[in-house]
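For what it's worth, the working numbering labels the leading residue of the sequence shown as 13, then goes sequentially.
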Amino acid sequence: MDGITTEMIKVSFDPEANYKQALKAGESTGKSGSFFFFTHDERFIIKTIFVDELNAFMFDLQDYFEHLESGKSLISRIYGLYQVQMQGITPINFILMANTVKAQNDFGLKHYDLKGSLVARFTRKKPNKKQTLKDGNLLTCKKYRLNRMKKGLLQFDQVYLSDLKDNIHTDSLFLREHKYLDYSILLAVEKISGTDAESLKASLVNSSIKQNGNNLNLLSLNTTGAGNKENLRETPSISVESSNTNTVFSLHKLPQVKENLRYKAANNRHIFHSKCGRYRYHVSIIDYLT
13 MDGITTEMIK VSFDPEANYK QALKAGESTG KSGSFFFFTH DERFIIKTIF VDELNAFMFD
73 LQDYFEHLES GKSLISRIYG LYQVQMQGIT PINFILMANT VKAQNDFGLK HYDLKGSLVA
133 RFTRKKPNKK QTLKDGNLLT CKKYRLNRMK KGLLQFDQVY LSDLKDNIHT DSLFLREHKY
193 LDYSILLAVE KISGTDAESL KASLVNSSIK QNGNNLNLLS LNTTGAGNKE NLRETPSISV
253 ESSNTNTVFS LHKLPQVKEN LRYKAANNRH IFHSKCGRYR YHVSIIDYLT
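Right, here's the structure in full:
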């Protein structure tokens with residue numbers, strides 16, 4: 013899935029490279045109390061799960077992968093299920109997941125865990141400490157900015173917004189059908205520096221391609237290199253002009269597409285941009301098992 017190879021996993025979990033990460037590993041701040049570990053390259057996360065969660069997921073495994081085959085799902089991918097057994101200790105189950113937040117700039121990066129509720133959904137900020145904020149914090153931020161005549165923090169470009177809404181709706185229907193009800197939308201807001209913001213804004217304005225004979229704003233741009241295949245998220249089909257005819261193909265079905273291109277496409281699945289070009293939004297659905 014997503015071009016992930018065994019070699020990628022080995023590199024990410026190299027013991028020497030992860031020494032500092034191991035010292036920072038610990039329990040999640042959520043009610044599950046699951047153990048979390050981020051690899052040194054921020055590519056993967058491992059998280060412990062309970063037996064009943066493991067059994068429920070295994071029962072839905074086939075449907076899960078069929079749902080993710082669309083390539084548009086915002087559900088954070090699970091790449092592996094493992095169990096550690098040691099004598100005298102209860103077996104420990106854990107999952108290997110994708111890290112959906114790969115910010116280029118950690119300065120000012122804000123994380124929000126959103127459930128669409130205000131009941132116990134406010135985090136009291138602590139000075140000089142990275143925290144995951146909640147729904148109440150996001151609303152407070154909105155009121156603060158409005159009172160100072162500032163634009164809101166969420167300024168999704170319209171070319172992304174309908175795509176984002178459709179993906180969230182489709183995922184929510186899938187999760188409801190399989191009785192996964194207690195999940196969150198993880199929203200990370202990354203502020204882009206001045207030069208990069210102007211470059212991104214220009215690429216958003218100028219980027220359109222022909223898709224199945226119709227002009228369509230490209231929903232799958234990376235921050236640079238508009239029109240370059242290396243910077244495209246996987247899309248269902250892209251029309252390519254040739255001297256004789258329009259050839260329609262699917263990126264993920266091309267036999268010559270390399271594993272690294274598939275991995276880059278997977279990375280960009282969760283990335284959206286603001287219309288002003290100043291913010292990059294990382295959006296994913298998390299904690300559907302725990």
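In this text, a Cβ means the ideal position worked out from N, Cα and C, and glycines have one as well. Computed from a predicted model, the values in this text were never measured in an experiment.
Helix, strand or coil: which one does DSSP assign to residue i?
| i | result |
| --- | --- |
| I104 | strand |
| V131 | coil |
| T236 | Confidence at T236 is low in this model, with a pLDDT of 33, below 50, so its placement is unreliable and the value that follows should be read with caution. Of the three classes helix, strand and coil, the one that applies to T236 here is coil, per DSSP. |
| A37 | coil |
| M109 | strand |
| D75 | helix |
| S196 | strand |
| F186 | helix |
| H181 | helix |
| L126 | strand |
| R157 | helix |
| L93 | strand |
| S296 | strand |
| F119 | coil |
How big is the Cα-Cα spacing for residue i and residue j?
| i | j | result |
| --- | --- | --- |
| T302 | L73 | 16 Å |
| G289 | L126 | 23 Å |
| K162 | I87 | 32 Å |
| L198 | M98 | 34 Å |
| H282 | T102 | 36 Å |
| A132 | I90 | 28 Å |
| I303 | D118 | Residue coverage of the chain in this structure runs from 13 to 302, which leaves residue 303 outside it and unanswerable. |
| D14 | F71 | 22 Å |
| V96 | L66 | 14 Å |
If I measure Cβ to Cβ from residue i and keep anything under 6 Å in the same chain, skipping five residues before and after, which residues do I get?
| i | result |
| --- | --- |
| S286 | Q167 |
| V113 | A200, H294 |
| I204 | R290, R292 |
Apply the 10 Å Cβ neighbour rule to residue i and answer buried if 16 or more other Cβ atoms are within range, or exposed otherwise.
| i | result |
| --- | --- |
| K142 | exposed |
| N179 | buried |
| Y172 | buried |
| Y192 | buried |
| K22 | exposed |
| R136 | exposed |
| F77 | exposed |
| N159 | exposed |
| D169 | buried |
| S339 | Residue 339 lies beyond the range of the chain shown here (13 to 302); nothing can be said about it. |
| Y300 | buried |
Output yes or no for whether 8 Å exceeds the beta carbon distance between residue i and residue j.
| i | j | result |
| --- | --- | --- |
| S46 | I61 | yes |
| I107 | G92 | yes |
| I298 | S196 | yes |
| H181 | L145 | no |
| Y121 | F284 | Looking at the sequence provided, one finds Leu at residue 121 rather than Tyr. No. |
| F50 | K59 | no |
| H190 | D75 | yes |
| E54 | N111 | yes |
Leaving aside the five residues before and after residue i along the sequence, list all residues of the same chain whose C-beta is less than 8 Å from its C-beta, in chain order.
| i | result |
| --- | --- |
| R157 | K163, G164, L165 |
| H52 | S24, D26, A29, N30, K32, Q33 |
Residues in the same chain with beta-carbon distance under 7 Å from residue i, minus the five sequence neighbours each way, listed in chain order, please.
| i | result |
| --- | --- |
| F134 | K146, G148, N149 |
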